[in-house]
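**Q** Dropping a structure here in structure tokens format, bear with me for questions.
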Amino acid sequence: MTLAEPALIEARGLSTAVRTAAGETPIVLSLDLSIGRGETVAIVGESGCGKSLAALSMIRLLPKGQARVTGGEVRLDGRDILRLREREMNALRGRDIALISQDPMSALNPLMTIGAQLYEAISAHAALPREALRERALELMRLVRIPDPETRLGEYPHRLSGGMCQRIVIAMAIAGHPRLLIADEPTTALDVTIQAQVLQLLQRLKEETGMALLIVTHDFGVVAEMADRVAVMYAGRIIEEGPVREIFRAPRHPYTQGLLALTRRAPAGERLPEIPGVVPSYADRPPGCAFAGRCDRALDICRTTAPARRIVGRRHEVECWFDGEASA
Amino acid sequence: MAGKRTLPTPFSDPLRFEGATRTSTASRGLNVARRVGLRLLTHVLPLMLVIITSTFFLIHSAPGSFVEIMSSEMQISDQAMIDRLTVTYGLDQPLWIQWLRYLQAIAQFDLGFSYRQNMPVLEAILHHLPATLILMVTGLLVALISGVAAGVLAASRPNSTLDRVLSLAGVFLFAAPGFWLGIMLIVLFGVVLGWLPIGDMRTIGGDFGFVGGVLDVAKHLILPAVAMGLHQSAIYLRVTRAAMIEAAAADYVKTARAKGLSEQAVALRHVFRNALLPIVTVLGLQFATVFSGSVVVEAVFNWPGIGSLLYDAVVARDYPMVLGVIILSALVVILVNLVIDALYAWLDPRIALD
Amino acid sequence: MIDFLRRFSQNRLALAGLILLGLVLLVALLAPVISPEDPLRIVGPALSAPFTPGFPLGTDALGRDMLAMLVHGARTTLLIGVAAACTAILIGVTVGAIAGYYGGVVGASFTRLIELFQTIPGLIFLLAVVSFVGPQLIFVVLAIGLISWESIARLTRGEFLTWRKRDFVLAGRTIGMGDLQIIFGEILPNAIGPVLAVSTLSIAGAILAESGLSFLGLGDPSVTTWGRLIGEGRGLIRTAWYVCAIPGVAIVLTVFALSLVSDGLNDVLNPRRLR
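The structure is reproduced here in structure tokens:
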């Protein structure tokens, strides 16, 4: 991918806040992220860092009344989708940007058959006669490798395993031939063996359809498996971003280095062990780098002044005062 | 593509461990029917048995001989009638035989004889039941329609001014006893405005033909049904609001939105359909309360239903009638709950398969 | 405790409810001061409208002072409501705890008992009991308690079902604590919040049930309650509707206040309830 080619979707200064009893707490702080056509980008970080909210903002599906975008823009084909009316946004969801969310068992409506939910996804953007609808649904189910799709059409989600539900959710997401699929922790709720299958499926679908993929995950294993580029998020900011190989080979930010070191020690698929210390809440955040309190290499300047973004390699950027290239 | 490493996949067939058990949708109706049959055996029969047994002991725990009290209350001096009572309630037999005979009589729909009405209890109840059912069903419709509509409206913008006003109005309506609301409605619409009749089910001495008769009853029905319904609607407002807010936050609603469905389609097919489940549950839990409400509202509006019958029976100490009304109202509540249970199983595919 | 008060007072509606409830209680306590004479004595011309000098709330068909009857009615109405609710709480918590704590036949049969009382229309049962044993105050209180415990039991059972499998309960069992010790010492303190909220609401329910009974003229004839005042004023709707309206407003305000307080308690004490 060259820099000259325009990005498929580009977030600039994207900020979101969560509504709490005491008022609004900013969660995502002026985030910049672009995804090229057919590219797979991963946002990785600990829970609570704002990665999910950032991703959901890009399809405008933040939980209503609980969180909202407070600033910035998200450009798709040069159009700021944050300014679209809800109706225009609906026309775009599923057709340009699709979403699969964390827990497949609760992502399907328990009261509707698999078939009805698939039909809904297909007919949201294409008026098809009943028979064609059925054909398309079966085709989608075969595409995501659902065995015996005819029988499944009439079944309810609770009859299906988690992995099977996730396949249905993926089938619904690709029904409208989206150019970007946002996958919010797509494998977190699944068994380790099923995780691998779902990731392979996503990889294959991506190659077949040429769609771009934005994967939100806390698992560097998933990043390594899937992504071209990775953005590491900490306390609402992307603190390091670059090609996956580059980040794995030479992480610059002490936080990235810490995460990677822990990942390599942990058995595959296990939940990430934690770096000592806690993420500061927005109110307790020091004026400088948000990671300074947990960073064993923090300098005085780290605590007083926020680090600017620096380019440290080809498409590799980092927000850290620390200059040495350390081996992780 | 950089940094690819293939995660080990120990199984050649990727779907081997994802099997799902199968049932066809066609068997769902059958499952619901089987469930109803099962509940009839495990719930309805035992509950009725316990209720009937309790009423039996209620009779026997009353101070003095049941027949003595009743005959003196009724000023029955006719020995033949006293004998008939003694035999009906088997008072000359040991207690457990009396109990068996009581069960047997009720199983044959013999609820005893009402002196106040001078007819068998069952006949009197069946005569008054339609009026009560009309009132209850209409009142319930008023409650459901206004409560659910207000709940949906309140949940559409949680914590907005509209939500607060509606919720507060709900608490207020819950605080207003149905009979008092009824009287206030009579004062406003019957006395001051003179729009609607202040009581009874039909215009006395009126003859309007069939259609006119139905309209006449409908006119008499409005105030009592609203009085009953408004008090109850507060409960449905509350549960609808909570259920809608909860369902709207569910993952499947996010999935539905991500498909690009219109707001209305999401609200109706996904949010409301799921929110219906707790509403139906509360409907079942509240049904006995609806019955209670109708008793006082009937008294206010002089509505010729079970409530009026019971009131008369209590004032006149017409014990067979009092017991008959308890047994029959419990039976109605249980049967309605059976229907609601079937409805629930029909609405929620997860239940029918248990 | 301080934290509890702070959070409760942050809920403005609950605070308003508490103040309103306090006012009603104050009126009930001060009844002998506000109107020291027998409230049922005739003091003036019949059917004086409210705001007549000397009779701020008017007089009824017999010329009795509405205000005097209302404030004395507050005492009996509240007393019956609280006493009946206490009965209901006692039965409800006991039955609910047993139904939720014990598995097997015991738990199942107590659960069925709750279902049973959910099935019998409360007021019909109340009328039946009163017709069998008579309308004396004590019977009325007990009977209202008997029809009001079901919702408390259902909630308590649910709480016990969630708590009984928790680690600290299992730990208590392994160190040899008895069932009673676990129920009252370990589980009940954790479940007390929601139970307290629904118990507050059961006072409201008891007041409503009693007012229905008295309204029908089937309550204890020796006491004046708000429901009875409405019942007695019923014949006057064409001439003096305020005789019915005023005691009704008193019921509405009291039940309203209790509901708000109950909601407030639930918000503060129920950790699972999200706002």
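Protein chains in written order, with the working numbering: chain R, 163 to 490; chain G, -12 to 341; chain L, 20 to 294. Ideal Cβ positions, reconstructed from N, Cα and C, are used throughout, including at glycine.
Of all the CB atoms in chain G, is at least one closer than 8 Å to the CB of L/S278?
**A** Judged by the 8 Å Cβ criterion, L/S278 is in contact with chain G.
**Q** At 8 Å on the CB atoms, spell out the chain L contacts of G/F197, in chain order.
**A** Those within 8 Å of G/F197 in chain L number zero; the least Cβ separation is about 32 Å.
**Q** Quick one: which chain G residues come within Cβ less than 7 Å of R/H339?
**A** Per Cβ cutoff of 7 Å: no residues; R/H339 is ~12 Å from chain G at best.
**Q** State the DSSP-derived secondary structure class of R/T232, mapped to helix, strand or coil.
**A** strand
**Q** What runs of the alpha helix (DSSP H), each 4 residues or longer, lie entirely inside the stretch 179 to 258 of chain G?
**A** 196 to 235, 238 to 245
**Q** Report the residue from L/A104, L/W260, L/G92 whose alpha carbon sits nearest the alpha carbon of L/T244.
**A** L/G92
**Q** Whose C-beta lies closer than 7 Å to the C-beta of L/L220 among residues of the same chain, with five residues either side of it excluded?
**A** L277, S278, S281
**Q** Check the Cβ-Cβ distances between R/R476 and every residue of chain G, and say whether any is below 8 Å.
**A** The C-beta of R/R476 comes no closer than 8 Å to any C-beta of chain G.
**Q** Would L/P140 pass as an interface residue toward chain G - the criterion being a Cβ-Cβ separation below 8 Å?
**A** yes
**Q** Going by DSSP in three states, G/L27 sits in which element: helix, strand or coil?
**A** helix
**Q** Select from the stretch 137 to 155 of chain G all residues with a C-beta closer than 9 Å to any C-beta belonging to chain R, and list them in chain order.
**A** R144, P145, N146
**Q** Let me make sure I understand the geometry here. Which of R/R329, R/R459, R/H339 has the alpha-carbon closest to that of R/Q264?
**A** Proximity to R/Q264 across R/R329, R/R459, R/H339 peaks at R/R329, based on C-alpha coordinates.
**Q** Would you be able to state if there are at least three C-beta pairs under 8 Å between the stretch 266 to 283 of chain G and the stretch 118 to 125 of chain L?
**A** no
**Q** Going by other Cβ atoms of all chains shown within 10 Å of its Cβ, with 16 needed for buried, is R/E301 buried or exposed?
**A** exposed
**Q** Taking buried to mean at least 16 other C-beta atoms within 10 Å of its own C-beta, is G/W83 buried or exposed?
**A** exposed
**Q** Report yes if the CB atom of L/G111 is closer than 8 Å to the CB atom of L/I171, and no otherwise.
**A** yes
**Q** In this structure, does DSSP put G/D299 in helix, strand or coil?
**A** helix
**Q** Looking at the structure shown, is R/F484 part of a helix, part of a strand, or coil, going by DSSP?
**A** coil
**Q** Residues of chain L with a CB under 9 Å from the CB of G/V309: which are they?
**A** What G/V309 touches in chain L: I143, L146, A147, S150, F151.
**Q** Could you work out which residue in G/I46, G/F100, G/G169 is closest to L/A147 when comparing CA atoms only?
**A** G/I46
**Q** Just the C-alpha distance for L/L284 and L/L215, rounded to the nearest angstrom, thanks.
**A** Distance between the alpha carbons of L/L284 and L/L215 is about 7 Å.
**Q** In three-state terms, what does DSSP make of L/I139?
**A** In the structure shown, L/I139 sits in coil (DSSP, three-state: anything other than H, G, I, E or B).
**Q** Using beta carbons (cut-off 8 Å, strictly below), is R/L270 in contact with chain G?
**A** yes
**Q** Please tell me whether L/G4 and L/L174 are closer than 8 Å, where the distance is taken between their beta carbons.
**A** In the structure as shown, chain L starts at 20 and stops at 294, and residue 4 of chain L therefore has no counterpart that could be examined.
**Q** In whole angstroms, what is the alpha-carbon distance linking G/T8 and R/R321?
**A** Unreliable placement is indicated for G/T8, whose pLDDT of 36 sits below 50; no coordinate value is reported for it.
**Q** For G/A212, which residues of its own chain have a beta-carbon under 7 Å away from its beta-carbon, when the five flanking residues on both sides are left out?
**A** L122, T125, G126, V129
**Q** Give a yes or no on whether the minimum CB-CB distance between G/E233 and chain R is below 8 Å.
**A** no
**Q** Does G/W167 come within less than 8 Å of chain L when only Cβ atoms are used?
**A** yes
**Q** Name the DSSP beta bridge partners of R/R181, please?
**A** R/E186
**Q** Take G/A303 as the anchor and find which of G/S101, G/R26, G/F44, G/S249 has the nearest alpha-carbon.
**A** Looking at G/S101, G/R26, G/F44, G/S249, the one whose alpha-carbon comes closest to that of G/A303 is G/S101.
**Q** Any residues in the stretch 440 to 470 of chain R with a beta carbon nearer than 8 Å to a beta carbon of chain G? Which ones, in chain order?
**A** none
**Q** Check each candidate in L/I166, L/P72, L/A80, L/V101 and name the one with the smallest Cα separation from L/L66.
**A** L/A80
**Q** Inspect the beta-carbon positions of R/F453 and R/L422 and report whether they are closer than 8 Å.
**A** Taking 8 Å as the cut-off, the beta carbon of R/F453 is found no closer than this to the beta carbon of R/L422.
**Q** Can you list, in chain order, the residues of its chain whose CB lies under 6 Å from that of L/A103, leaving out five sequence neighbours each side?
**A** V160, I163, G164, A225
**Q** Note down, in chain order, every chain G residue with its Cβ under 7 Å from the Cβ of R/P225.
**A** A236
**Q** Three or more C-beta pairs under 8 Å: does that hold for the stretch 273 to 283 of chain R against the stretch 246 to 261 of chain G?
**A** The stretch 273 to 283 of chain R, when compared against the stretch 246 to 261 of chain G, does touch it at the 8 Å Cβ threshold.
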